[in-house]
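Q: This is the structure I have questions about; it appears just below.
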Amino acid sequence: MEFVVFLIAGAIVVGGAIGVLAFANPVHAALSLVATLFGVAVLFVAQNAQFLAAVQVIVYAGAIVVLFLFVIMLLGVDRSDDLRVEPIVGQRPLALLAGVGVLAASLVAVLSAGGSTATRTVRSTAVAIPTEEPDVTSLGRLLFTDHVLALEITAILLTVAVVGAVVLARRPGRDEPSVEADVEAEA
Amino acid sequence: MSLLASLAAQAAQPVTPVTSVLVETPSVDWWGLLPLILLAAPAMVLLHASSLLRRVFRGFYATASVGIAGTAAAFAIVQWFRVTDLDGGRGPYTTVASAYTVDGYSVFITVVLCVAVIVSSLVADGYLRREGLDGAETYALLLLSASGGVVMASANDLIVLFLGLEVLSIPVYVLAASHLRRSASQEAGFKYFILGAFASAFFLYGIALVYGATGSTNLGTIRQTLQDDPFVDGGALLLAGAAFLLVGFGFKVAAVPFHAWTPDVYQGAPSPVVSYMASGVKAAGFAGLVRVFDVTLAGQVRDWQPIVVGLAVLTLLGGSVLAVAQTDVKRMLAYSSISHAGFLLVGVAVASPEGAAAVLFYLAAYGLMIGGTFAVVTAVAGPGEQATGIDAFRGLGRRQPMLALGFTVLLFAQTGVPLTSGFFAKFGVIKAAVDGGWYWLAAVAMLSAVVGAFVYLRLVVAMFMVEDIDPHHGDGDVVAATPAPVAMPAALTLALAATVVATLVVGFLPGLLTDLAGDAVPVVLATLP
Amino acid sequence: MWLNQFLILGALLFCIGVYGVLARRNGVMVLMSIELILNSVNINLVAFGAFNGTPVGQVFALFVIAVAAAEVGVGLAIVLLIYRNRTSIDLDAADLLKG
Chain A
539 MEFVVFLIAG AIVVGGAIGV LAFANPVHAA LSLVATLFGV AVLFVAQNAQ
589 FLAAVQVIVY AGAIVVLFLF VIMLLGVDRS DDLRVEPIVG QRPLALLAGV
639 GVLAASLVAV LSAGGSTATR TVRSTAVAIP TEEPDVTSLG RLLFTDHVLA
689 LEITAILLTV AVVGAVVLAR RPGRDEPSVE ADVEAEA
Chain B
8 MSLLASLAAQ AAQPVTPVTS VLVETPSVDW WGLLPLILLA APAMVLLHAS
58 SLLRRVFRGF YATASVGIAG TAAAFAIVQW FRVTDLDGGR GPYTTVASAY
108 TVDGYSVFIT VVLCVAVIVS SLVADGYLRR EGLDGAETYA LLLLSASGGV
158 VMASANDLIV LFLGLEVLSI PVYVLAASHL RRSASQEAGF KYFILGAFAS
208 AFFLYGIALV YGATGSTNLG TIRQTLQDDP FVDGGALLLA GAAFLLVGFG
258 FKVAAVPFHA WTPDVYQGAP SPVVSYMASG VKAAGFAGLV RVFDVTLAGQ
308 VRDWQPIVVG LAVLTLLGGS VLAVAQTDVK RMLAYSSISH AGFLLVGVAV
358 ASPEGAAAVL FYLAAYGLMI GGTFAVVTAV AGPGEQATGI DAFRGLGRRQ
408 PMLALGFTVL LFAQTGVPLT SGFFAKFGVI KAAVDGGWYW LAAVAMLSAV
458 VGAFVYLRLV VAMFMVEDID PHHGDGDVVA ATPAPVAMPA ALTLALAATV
508 VATLVVGFLP GLLTDLAGDA VPVVLATLP
Chain C
49 MWLNQFLILG ALLFCIGVYG VLARRNGVMV LMSIELILNS VNINLVAFGA
99 FNGTPVGQVF ALFVIAVAAA EVGVGLAIVL LIYRNRTSID LDAADLLKG
């Protein structure tokens with residue numbers, strides 16, 4: 539049963555990811571990304587990570603993808619990327635080579651290591667997380683004990699991101715002319 | 008969904024009343040965290056102040072930024088006496104559930120970062136006013152970025168290290184793109200952002216694999232696990248993880264072959280920001296690199312050393328050879344900063360306390376000289392940073408001898424001429440390599456220094472030996488009418504003078520800094536349990 | 049095989065993401081590919097955490113999601129900024145700077 543869930547969710551994840559690569563239309567790619575994110579959320583539930591699954595759906599599929607769609611719509615949907623045009627000679631084959639190379643490296647690592655770990659305790663997830671307290675409680679406990687520093691730094695990180703986005707979104711003062719315009723005018 | 012249902016079910020159960028659970032939060036050594044807090048919190052106060060204060064005197068924000076970074080550095084220096092073994096200090100320790108290390112090494116890097124912020128702020132003051140971008144944001148972002156660097160240098164946990172890396176990087180992406188009227192700046196920011204985010208993703212994947220192999224992200228625990236059982240189940244997993252971490256670091260410190268972003272970003276981004284990139288970001292990147300590889304994975308040195316040595320050789324040669332072909336000074340300095348990263352990688356690759364000390368010395372010395380160098384570039388490039396070609400420096404020695412002289416000192420320091428700090432920086436790294444038995448690596452480093460010297464000499468020659476373009480000759484009519492003198496704002500002059508003096512003082516009395524760097528290093532090696 | 053299947057899926061997703069970053073030239077699409085990589089990291093983290101019997105992996109995944117949100121926010125802000133000055137977000141059109 540678990541394996542069937544994994545197969546279905548995994549297929550959605552990979553299918554969605556390939557869709558992100560293959561769709562020429564950015565909106566389709568973004569929707570395809572949603573499929574991947576949902577598939578990942580299902581996998582989280584399958585591993586008893588319900589809270590994380592909720593965060594995944596709300597933050598990722600909700601906030602982040604909506605932000606993507608917002609920007610795509612703002613920039614114009616028709617501005618799609620023509621897949622048939624080779625952007626730089628040899629770029630796609632090079633990317634394919636890099637992708638396959640990385641895949642081979644990580645598969646070798648995972649299989650050689652995971653094979654031995656997997657035999658150590660087969661199917662450890664079944665007994666993995668103590669069920670006497672809900673996972674939100676244990677997550678909260680960890681966040682405020684062992685990982686409280688990381689939590690605080692995340693706070694700084696989000697502040698930085700907000701400040702950065704505001705700095706970039708600000709329009710340059712209207713009374714000051716563009717520097718480049720000046721130079722072009724001189725030239 | 009099922010989750011909502013289960014939440015609702017929990018809420019509906021009156022049988023188990025919610026009892027408050029007492030959670031023991033870890034003890035926090037606030038003294039140890041003080042430099043970090045003193046960088047991050049006042050930066051946010053500065054932002055608020057900028058929106059509340061109607062009128063401030065010219066240069067207020069730069070002054071505040073210098074003051075904040077100076078205060079943080081002062082408290083870091085107080086820390087130094089507590090964590091080094093002088094006079095019965097308590098020695099290095101970890102705090103906040105052993106996620107944060109306070110040791111001589113982290114304190115040293117903290118001071119280097121603060122100095123980088125101070126120099127960049129001084130340079131930025133005039134720059135921002137010239138470009139009509141004055142405001143508190145640049146300084147706040149610089150300070151926040153430095154706080155991320157401090158976290159990186161002090162992290163004792165891979166997740167904390169990663170978050171520090173992000174806090175370090177994201178403000179710099181923004182700063183690189185922050186010239187709102189130069190599309191080159193925005194494109195530089197975007198390139199930097201895409202490649203930086205890509206590198207972060209690699210880094211994270213590496214963390215995940217290392218976590219899988221060792222069952223922990225705490226550097227001390229990882230080291231202990233690997234000592235107890237060098238052939239952990241996940242040997243291959245660990246190595247793959249380390250390789251991905253190295254890729255992430257490689258992007259950050261601009262090692263060949265992960266350097267492709269550097270020239271474009273250096274050329275496009277505002278010069279004061281580039282100054283911080285070359286001094287601050289590089290220092291933080293190497294701080295993390297040394298702590299993860301030289302300390303935590305010290306037992307696996309045979310596995311990662313060949314790769315780091317390979318990176319070092321490629322970076323040394325690639326950086327200096329490509330620098331020769333450049334005609335734009337900012338691109339040239341970008342490639343030369345790559346070759347400097349090669350020297351630093353040599354220090355990392357030899358995996359010895361001497362190597363780590365040499366890296367610290369190099370970071371401090373290089374941070375100062377590159378800060379001064381970009382101060383000059385900022386001034387000479389003029390409004391909109393249009394004049395960054397080598398021609399802009401032609402005849403500078405005749406027009407503004409003091410400026411040219413200061414610039415020459417900084418260029419000589421980067422070349423590695425004796426009696427400048429750069430000489431001892433390169434000497435320290437090469438000596439560490441020779442001591443470690445890496446003779447050929449030391450030879451490659453020296454070769455790179457020789458090739459690199461050509462680049463700097465070309466600039467010096469342009470300043471002093473080349474005649475001004477004859478106004479009656481060729482097509483130079485417009486350009487050649489004696490160029491306007493380079494405007495030197497007071498703050499920028501101060502930054503330049505301070506870096507030149509520091510470069511010379513360290514060059515004459517290297518013992519000052521070598522002792523400090525030497526003190527910082529054994530500490531890092533003994534820190535982890 | 050309970051752990052391995054997740055790791056293999058993670059590796060697969062990671063590589064699709066890497067290919068996407070390198071092959072797609074549209075800035076927004078490159079950002080999406082980076083999201084794919086971050087998701088592969090999350091799959092790995094949660095799987096390793098579950099395997100080790102602690103929710104620590106989930107805590108890490110939370111941090112990764114926060115980082116992803118921060119990155120996307122800043123990244124899209126830069127995209128919009130560029131778009132405001134030019135009308136293309138094609139990476140190759142960034143030709144002011146010769147690569």
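The listed protein sequences derive, respectively, from chains A, B and C. End of the first sequence = 725 in my numbering, gap-free, step of one. End of the second sequence = 536 in my numbering, gap-free, step of one. End of the third sequence = 147 in my numbering, gap-free, step of one. Note that the Cβ used here is the ideal one computed from N, Cα and C, for glycine as well.
Cα separation between B/A450 and A/A703?
A: Their backbone Cα atoms lie some 47 Å apart in a straight line.
Q: Would you say C/L93 reaches chain B, if we count a Cβ-Cβ gap shorter than 7 Å as a contact?
A: Answer yes: the Cβ-Cβ gap between C/L93 and chain B drops below 7 Å somewhere.
Q: List in chain order: all unbroken alpha helix (DSSP H) runs of 4+ residues lying wholly within the stretch 173 to 238 of chain B.
A: Qualifying alpha helix (DSSP H) stretches, in chain order: 190 to 221, 226 to 235.
Q: Would you identify the three-state DSSP class for B/D132, choosing helix, strand or coil?
A: Of the three classes helix, strand and coil, the one that applies to B/D132 here is helix, per DSSP.
Q: In this structure, does DSSP put A/N563 in helix, strand or coil?
A: Correct three-state label for A/N563: coil.
Q: Residues of chain B with CB under 8 Å from A/L677, in chain order?
A: The contacting residues do not exist; A/L677 stays about 12 Å from chain B at best.
Q: Can you give me the C-alpha to C-alpha distance between C/F111 and B/E138, rounded to a whole angstrom?
A: If I take the Cα positions, the gap works out to 37 Å.
Q: Report buried or exposed for B/M159, applying the criterion of at least 16 other Cβ atoms within 10 angstroms of its Cβ.
A: Per the 10 Å Cβ criterion, buried.
Q: List, in order along the chain, the chain A residues whose C-beta lies closer than 9 Å to that of C/V122?
A: Near C/V122 (Cβ distances below 9 Å), the residues of chain A are V698, A699, G702, A703, L706.
Q: Could you list which residues in chain F have their beta carbon closer than 8 Å to that of B/P33, in chain order?
A: The chain labelled as chain F is not found among the protein chains of the depicted structure, namely A, B and C.
Q: Apart from the five residues just before and just after B/S455, which ones in its own chain have a Cβ nearer than 8 Å to its Cβ?
A: Counting only Cβ-Cβ distances below 8 Å, and skipping sequence neighbours, we find L323, L324, G326, S327, S346, G349, F350.
Q: Which same chain residues end up closer than 6 Å to A/P625 when comparing Cβ atoms and leaving out the 5 residues on each side of it in sequence?
A: Because A/P625 sits at a pLDDT of 47, beneath the cut-off of 50, its placement in the model cannot be relied upon, and the following sentence gives the value as read from the coordinates. Excluding sequence neighbours, A/P625 sits near nothing in its chain.
Q: Thinking C-beta only, is A/L695 closer than 7 Å to C/A118?
A: Going by C-beta atoms, C/A118 is nearer than 7 Å to A/L695.
Q: Pick out whichever of B/T78, B/A204, B/G222 has its Cα sitting closest to the Cα of B/P42.
A: Among B/T78, B/A204, B/G222, the Cα nearest to that of B/P42 is on B/T78.
Q: What does the alpha-carbon distance come out to for the pair A/T697 and B/G242?
A: Distance between the alpha carbons of A/T697 and B/G242: 38 Å.
Q: For the stretch 592 to 612 of chain A, which residues have a beta carbon sitting closer than 7 Å to at least one beta carbon of chain B?
A: Listed in sequence order: A592.
Q: Write down every uninterrupted run of the beta strand (DSSP E) in the stretch 63 to 88 of chain C whose length is 3 residues or greater and which is fully enclosed by it, in chain order.
A: Fully enclosed beta strand (DSSP E) runs of 3 or longer: not present.
Q: Buried or exposed: where does B/Q234 fall if 16 or more other Cβ atoms within 10 Å of its Cβ makes it buried?
A: Exposed is the call here.
Q: In whole angstroms, what separates the C-alpha of A/L677 from that of B/F461?
A: In a straight line, the C-alpha of A/L677 is about 57 Å away from that of B/F461.
Q: Can you check whether the CB of B/S286 is closer than 7 Å to the CB of B/A505?
A: The answer is no: Cβ separation not under 7 Å.
Q: Please report the distance separating the alpha-carbon of B/V52 from that of B/V73.
A: Going from the Cα of B/V52 to the Cα of B/V73 covers about 14 Å.
Q: Can you tell me where the alpha helix (DSSP H) holding B/Y446 begins and where it ends?
A: B/Y446 -> alpha helix (DSSP H) spans 446 to 471.
Q: Is there a C-beta anywhere in chain B that falls below 7 Å from the one on C/V76?
A: No, because no Cβ of chain B sits closer than 7 Å to the Cβ of C/V76.
Q: Can we say the stretch 224 to 231 of chain B touches the stretch 268 to 282 of chain B, given the rule of at least three CB pairs closer than 8 Å?
A: These segments do not touch.
Q: Could you tell me the distance, in whole angstroms, from the CA atom of A/G548 to the CA atom of B/A195?
A: Approximately 37 Å between the Cα atoms of the pair.
Q: Can you tell me which of the three DSSP states B/V63 falls into?
A: Note: B/V63 maps to coil in three-state DSSP.
Q: Quick one, are the C-beta atoms of B/V130 and B/P277 less than 7 Å apart?
A: No, Cβ-Cβ distance for B/V130 and B/P277 is not below 7 Å.
Q: Return the CA-CA distance between A/A656 and B/A249, expressed in angstroms with no decimal places.
A: In this prediction, A/A656 has a pLDDT of 41, which is less than 50 and means its spatial position is unreliable; nothing more can be read from the coordinates.
Q: Mind pulling the chain A residues with CB within less than 8 Å of C/I64?
A: Ordered by position in chain A, the residues that pass the 8 Å Cβ test against C/I64 are V552, A555, I556, V558, L559, G637.
Q: Quick one: residues in its chain with C-beta nearer than 6 Å to the C-beta of B/S161, no 5 flanking neighbours on either side, listed in chain order?
A: Here the set comprises Y107, T108, S113.
Q: Take B/P33 and list the residues in its own chain whose beta-carbon comes closer than 7 Å to its own, dropping the five residues that flank it on each side.
A: Hits under 7 Å: V103, A104.
Q: Which one or two residues does DSSP pair with B/A162 in a beta bridge?
A: Partner(s): B/Y107.
Q: Is any beta-carbon of chain B found at less than 7 Å from that of A/A633?
A: Chain B contact via Cβ: absent.
Q: Considering only DSSP beta bridges, list what B/D335 is partnered with.
A: Paired residue(s): B/G396.
Q: I'd like to check one pair, B/A356 with B/A382: are the Cβ atoms closer than 7 Å?
A: No; because the gap between Cβ atoms is not below 7 Å, this pair is not in contact.
Q: With a threshold of 16 other CB atoms inside 10 Å of the CB of B/G257, please say whether the residue is buried or exposed.
A: Buried, since its Cβ has 16 or more Cβ neighbours within 10 Å.
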